[in-house]
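In terms of our numbering, the sequence shown is residues 1 to 506.
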Amino acid sequence: MRAFAQGWALVLLLGFCSARKAPGGSRNVLLIVADDGGFESGAYNNTAINTPNLDALARHSLIFRNAFTSVSSCSPSRASLLTGLPQHQNGMYGLHQDVHHFNSFDSVHSLPLLLSKAGIRTGIVGKKHVGPEAVYPFDYAYTEENGSVLQVGRNITRIKLLVRKFLRNQDEKPFFLYVAFHDPHRCGHSQPQYGAFCEKFGNGETGMGWIPDWKPQHYSPDQVQVPYFVQDTPAARSDLAAQYTTIGRMDQGIGLLLEELHSAGFGNNTLVIYTSDNGIPFPSGRTNLYWSGTAEPLLISSPEHPTRWGQVSKAYASLLDITPTILDWFSVPYPSYSLFGKRRVQLTGKSLLPALLSEPPWATVFASQSLHEVTMHYPMRAVQRGSLRFIHNLQNRVAFPIDQDFYVSPTFQDLLNRTQGGQPTHWNKTLHSYYYRERWELYDHSTDPTESQNLASDPRYAQALQELQGLLLKWQWETDDPWVCVPDGVLENKPTTQCRPLYNEP
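Here it is, written out as structure tokens:
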């Protein structure tokens, strides 16, 4: 393929003269979401991996250094991203597929629903993983619901052609196209024949299939950069090397997408957003509300706001801000409605468009997790304000659960084997401390960027702890969190809404 990284600068210089005129010149949005992606790109200072297309996109984007998901689980994160409501408010408490079977509430007003009502054409290619259909309708849809998730989420040639079909059938309407890669999600639990990260899928070897547009890049274990929250062992390094290969496939796919966008004549009127749904599938990553589980890449490229291209923003952003941002781009108002006859639903996120003009003072983000798999009930709530991250583990008396996908991974099996064998784990935690957590966790990133020292009981942080507890509780009430009284009480709504005490202290 023609390298997008090399071609973008020339396209901009020529003013897109080689592309046909965009129909109507309407504003459009291309939203690109990685699956369990992290900061493995040159744009985020990882020099071990080759990601020329993400790096090129970053040079024409505002790069957010403090962007976070509001929940570290796939379906809940996607539902929150597409509604602007935290998982406890939109109803997608856990995974959507199979026996887990979680869905958003029927009366939730999602982004695709609102845009469709406003006359904007909507499309999705890739992993949808949310429901019900009535809440998340798309005019154009190729997902795991009507095809193979490997084909629509990892086969970058197939993805390219589906995007081309969408763009070539575009009329005078503006459009919102959501491309949800399945890379770099693990597949050792579901399709182990393709490798731990499906890094062999489509590589042309016997039985692996062939993706014509993909030029696989392989990494040796000694090349990778090991994150501070992953043990530095041969098994974990090999796992990361496989992840890198899969990220490379997605990066090449992103280059193909952007080539299609420009070739169709939409490069000069389309807002491009790139992010991921949750933390990487490693210890303290996905399913955790630590920094390592919630921090996300976020690139926003606006052809109308070139002044901050290539700049880094330290402003705090949340994936709850994506829906308000896209509504703002299209000038679509958020409707007035309520859920279950309660107070009017209000978005607690904000539009990120002002950050494309000047650096805003945003310094607070919230997070809410209840489940992942249906058996993994371990509710947590969190807030980060500036350098302080506060986590409330609502049911810390039970062990933190491990999902099926991560359990069979080489990295977690390595931790289990080393712990059982009494060998050094080369990890910044122990399995016991990972399973059994304090109810309150407080970390100061200004002095402890690896979140190694819980300061919740430190008297020097007593006032800060109290303020963050109050701030988090206020947000829970504002977003109608059913878990707002857990674990000390029961939420009762009559005669007035209040927490009734359980007197259940150990």
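Glycine included, every Cβ here is placed at the ideal spot set by N, Cα and C.
Just to confirm before moving on: does the CB-CB distance between residue i and residue j stay below 9 Å?
{"i": "residue 47", "j": "residue 225", "result": "yes"}
{"i": "residue 334", "j": "residue 389", "result": "no"}
{"i": "residue 302", "j": "residue 359", "result": "no"}
{"i": "residue 300", "j": "residue 32", "result": "no"}
{"i": "residue 184", "j": "residue 233", "result": "no"}
{"i": "residue 292", "j": "residue 244", "result": "no"}
{"i": "residue 382", "j": "residue 294", "result": "yes"}
{"i": "residue 322", "j": "residue 114", "result": "no"}
{"i": "residue 488", "j": "residue 88", "result": "no"}
{"i": "residue 298", "j": "residue 67", "result": "yes"}
{"i": "residue 123", "j": "residue 139", "result": "yes"}
{"i": "residue 39", "j": "residue 340", "result": "no"}
{"i": "residue 285", "j": "residue 36", "result": "yes"}
{"i": "residue 103", "j": "residue 135", "result": "yes"}
{"i": "residue 289", "j": "residue 402", "result": "no"}
{"i": "residue 28", "j": "residue 132", "result": "no"}
{"i": "residue 211", "j": "residue 121", "result": "no"}
{"i": "residue 218", "j": "residue 241", "result": "yes"}
{"i": "residue 287", "j": "residue 369", "result": "yes"}
For residue i, does the count of other Cβ atoms within 10 angstroms reach 16, so buried, or fall short, so exposed?
{"i": "residue 196", "result": "buried"}
{"i": "residue 26", "result": "buried"}
{"i": "residue 112", "result": "buried"}
{"i": "residue 127", "result": "buried"}
{"i": "residue 166", "result": "buried"}
{"i": "residue 279", "result": "buried"}
{"i": "residue 329", "result": "buried"}
{"i": "residue 435", "result": "exposed"}
{"i": "residue 237", "result": "buried"}
{"i": "residue 422", "result": "exposed"}
{"i": "residue 18", "result": "Only weak support exists for where residue 18 lies, its pLDDT of 31 falling under 50; the coordinates are left without a value."}
{"i": "residue 206", "result": "exposed"}
{"i": "residue 202", "result": "buried"}
{"i": "residue 387", "result": "exposed"}
{"i": "residue 281", "result": "buried"}
{"i": "residue 490", "result": "exposed"}
{"i": "residue 220", "result": "exposed"}
{"i": "residue 276", "result": "buried"}
{"i": "residue 182", "result": "buried"}
{"i": "residue 502", "result": "exposed"}
{"i": "residue 475", "result": "buried"}
{"i": "residue 283", "result": "buried"}
{"i": "residue 204", "result": "exposed"}
{"i": "residue 14", "result": "Confidence in residue 14 is poor, its pLDDT being 33 and thus under 50, which makes the residue's placement unreliable; the coordinate value appears in the next sentence. Burial call: exposed."}
{"i": "residue 449", "result": "exposed"}
{"i": "residue 141", "result": "buried"}
Can you list, in chain order, the residues of its chain whose CB lies under 6 Å from that of residue i, leaving out five sequence neighbours each side?
{"i": "residue 251", "result": "51, 53, 54"}
{"i": "residue 264", "result": "167"}
{"i": "residue 77", "result": "69, 71, 277, 278"}
{"i": "residue 90", "result": "79, 83, 104, 108"}
{"i": "residue 384", "result": "365"}
Can you list, in chain order, the residues of its chain with a C-beta nearer than 7 Å to that of residue i? Leave out the 5 residues immediately preceding and following it.
{"i": "residue 189", "result": "404, 405, 408"}
{"i": "residue 325", "result": "351, 352, 353"}
{"i": "residue 109", "result": "335, 337"}
{"i": "residue 425", "result": "231, 415, 418, 419"}
{"i": "residue 371", "result": "93, 94, 377"}
{"i": "residue 349", "result": "84, 318, 320, 321, 323, 324"}
{"i": "residue 137", "result": "112, 113, 116"}
{"i": "residue 187", "result": "194, 197, 198"}
{"i": "residue 96", "result": "75, 102, 103, 129, 130, 131"}
{"i": "residue 209", "result": "201, 202"}
Assuming residue i contacts residue j (C-beta within less than 8 Å), just tell me the rounded distance between them.
{"i": "residue 92", "j": "residue 75", "result": "5 Å"}
{"i": "residue 86", "j": "residue 70", "result": "5 Å"}
{"i": "residue 440", "j": "residue 464", "result": "About 12 Å separates the two Cβ atoms, so there is no contact after all."}
{"i": "residue 438", "j": "residue 454", "result": "6 Å"}
{"i": "residue 79", "j": "residue 130", "result": "5 Å"}
{"i": "residue 505", "j": "residue 100", "result": "Rounded, the Cβ-Cβ distance is 33 Å, inconsistent with contact."}
Kindly list the residues whose CB is nearer than 8 Å to the CB of residue i, restricted to its own chain and excluding five residues on each side of it in sequence; keep chain order.
{"i": "residue 257", "result": "30, 32, 159, 160, 163, 179"}
{"i": "residue 460", "result": "none"}
{"i": "residue 347", "result": "84, 85, 320, 323, 324, 334"}
{"i": "residue 310", "result": "58, 59, 60, 61, 63"}
{"i": "residue 9", "result": "With a pLDDT of 44 at residue 9, under the threshold of 50, the modelled position of this residue cannot be trusted; read the value that follows with caution. Hits under 8 Å: none found."}
{"i": "residue 484", "result": "473, 476, 477, 491, 499"}
Just list the beta strand (DSSP E) runs in the region 350 to 377, keeping only unbroken ones of 3 residues or longer that don't cross its boundaries, in chain order. Taking 3 residues as the shortest admissible run, the region 350 to 377 contains the following complete beta strand (DSSP E) segments, listed from N- to C-terminal end: 364 to 369.
Let me know the beta strand (DSSP E) ranges lying completely inside the region 306 to 342, each 3 residues or longer, listed in chain order. Within the region 306 to 342, the complete beta strand (DSSP E) runs of at least 3 residues are 312 to 318.
Contained alpha helix (DSSP H) runs [length at least 4] in the region 138 to 164, N- to C-terminal order: The region 138 to 164 contains these whole alpha helix (DSSP H) runs: 149 to 153.
Would you mind listing the alpha helix (DSSP H) stretches within the region 448 to 500 that are 4+ residues and don't spill past its ends, in chain order? The DSSP assignment places 462 to 478 as complete runs of the alpha helix (DSSP H) inside the region 448 to 500, in order along the chain (cut-off: 4 residues).
Please list the segments of the alpha helix (DSSP H) lying wholly inside the region 213 to 278, counting only runs of 4 or more residues, in order along the chain. As summarised for the region 213 to 278, the continuous alpha helix (DSSP H) elements at least 4 residues long and confined to that stretch are 234 to 263, given in chain order.
Report the start-end ranges of each alpha helix (DSSP H) in the region 48 to 129 that is 4 residues or longer and not cut off at the edges. Restricted to the region 48 to 129, the alpha helix (DSSP H) segments that are unbroken, complete and at least 4 residues in length are 52 to 59, 74 to 83, 87 to 90, 111 to 117, listed in chain order.
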